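Inspection log for the structure reproduced underneath, given as structure tokens.
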Amino acid sequence: MNKRILLLPLMLSTMTLLFAPTSDVSGAAAKAQVVVEAKASSAVKNDQSPATKLPKQTQDRWYWLYSDKNYSKFFDPTSVVVMHSVTGKDKKKIPTEIQAIIKTGYSYGGAKETIATFGIGEVVTSPNQLASSIATVSVNPQNRTLQYLKEDFYDPQGQVVWSRANGAAKEVNSQEFDESFYAAIVDAVFRQGEMERCQAKDRWIDLWKESDGKGMLTSATADTSTMRLRGDNLIFWEWLERKDAKNNVLEIKFMKKAVNLPNNTERVIILNYWSPGTNWETVEDDMAGSYRLIQLKDPDYKGLVRLQAFAKGYSSWVKRYSLE
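So in the numbering used here the end of the sequence shown lands on 325, straight run, no missing numbers.
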């Protein structure tokens, strides 16, 4: 898992994102609403892609995206630039790299957490010295990745106290700190509703549930915001959870999967595993990444049927930004 990622089993098993603002270093974010409705016709500095509707403005430059007790997140819509595109089959240019500038505000708790995550306690000796950071990021919408090209961290007086550059590109999912940044930047170019889908009540769909008759319940849900079709394969992140009769979570498998819809096969690309005794760790799937046949008797056959129906009913969504 990556920096500033809060994987909290008790919270995340509800499969919801909390978008209500609490506190913010600027004071203005607490008054904002996540409403993607304000017009910004000049948001994208590129004639290849249209502008999008944007969240309510909180400052001259920054648009508020999200706040909790530790962090407040903003992005600068005027900074969004399409860096690279390819020509699709319909002769239209499809952006493959987008850059933008984002901002993070830190409470005392968020600053303390960030200092520990980056191991910069010798440079930033107190959380009171860390107020915000501003970063230039690069986004690839086809692979749902975000990369920090440069990030400067500021004290309350606006002086840079630490910087980093050339971070690794990482895939964005529900557990990543940067998801709201990714969604806002992609929406500024494509206008396909990434922000809306991330906040939707039906973002997670039930795939299947199975009980052993003694109170043990295993359930699997799929994150529709991550779904994309590559050939015959539906790529997405799945959350599989097992609970005992007292509703205690015994284990969680958070998996990136590829399901071949016509062939009724699937493979696990990434498997993140949690249990009370192990906490989070990335482990190898039993099939070592190979495809397995989903048989009619398997509990996840119901999930396969659900995924096939979703891909058919929401074909435009699963094919968004596709180069095929």
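We put the beta carbon where it would ideally sit given N, CA and C, even for glycine.
This one's a predicted model, so the numbers in the text were calculated from it and none came from an experiment.
Sixteen is the threshold: when 16 or more other Cβ atoms of the shown chains lie within 10 Å of the Cβ of residue 104, as they do, the residue is buried. Separation of residue 241 and residue 298 (C-alpha to C-alpha, rounded to the nearest whole angstrom) is 18 Å. Taking residue 211 as the centre and dropping the five residues before and after it, the same chain places the C-beta of 219 and 300 closer than 7 Å to its C-beta, in chain order. In chain order, 109, 112 and 113 place their CB closer than 6 Å to the CB of residue 128, counting only its own chain and leaving out the 5 sequence neighbours on each side.
Proximity to residue 172 across 238, 208 and 276 peaks at 238, based on C-alpha coordinates. With a 10 Å radius around the Cβ and a threshold of 16 neighbouring Cβ atoms, residue 315 comes out exposed. Under the 8 Å Cβ criterion, the stretch 243-256 counts as touching the stretch 270-283, having at least three qualifying pairs. For residue 235, the closest C-alpha among the options 125, 68, 319 and 140 is that of 319.
Inclusion of residue 156 and residue 130 in the CB contact set at 8 Å is warranted, their separation being smaller than that value. Bridge pairing for residue 103: 76 and 136 [DSSP]. Here residue 81 is actually not in contact with residue 206; their C-beta atoms are around 30 Å apart, not less than 8 Å. Taken through DSSP and simplified to helix, strand or coil, residue 115 comes out as helix. Take the alpha-carbon of residue 141 and the one of residue 214: they are about 45 Å apart. About 6 Å separates the beta carbon of residue 143 from that of residue 324, a gap short enough to meet the 8 Å contact definition. At the C-beta level, residue 269 and residue 286 come within 8 Å of one another.
Annotation for residue 239: no alpha helix (DSSP H) segment contains it, though the beta strand (DSSP E) segment containing it runs 234-244. Excluding its 5 nearest sequence neighbours in each direction, residue 312 has C-beta neighbours in its own chain below 8 Å: 228, 230, 235, 262 and 319, listed in chain order. Excluding the 5 residues flanking it on each side, residue 162 has same chain C-beta neighbours closer than 8 Å at 124, 125, 130, 131, 154, 155 and 156, in chain order.
The continuous beta strand (DSSP E) containing residue 252 extends over residues 250-261. The straight-line gap separating the alpha-carbon atoms of residue 289 and residue 259 is approximately 13 Å.
Contiguous alpha helix (DSSP H) elements confined to the stretch 170-241 occur at 180-191 and 195-200, taking only those with 4 or more residues.
Rounded to the nearest angstrom, the Cβ distance from residue 223 to residue 308 is 7 Å, consistent with a contact under 8 Å. Going by DSSP, residue 148 is part of the beta strand (DSSP E) stretching over 146-155.
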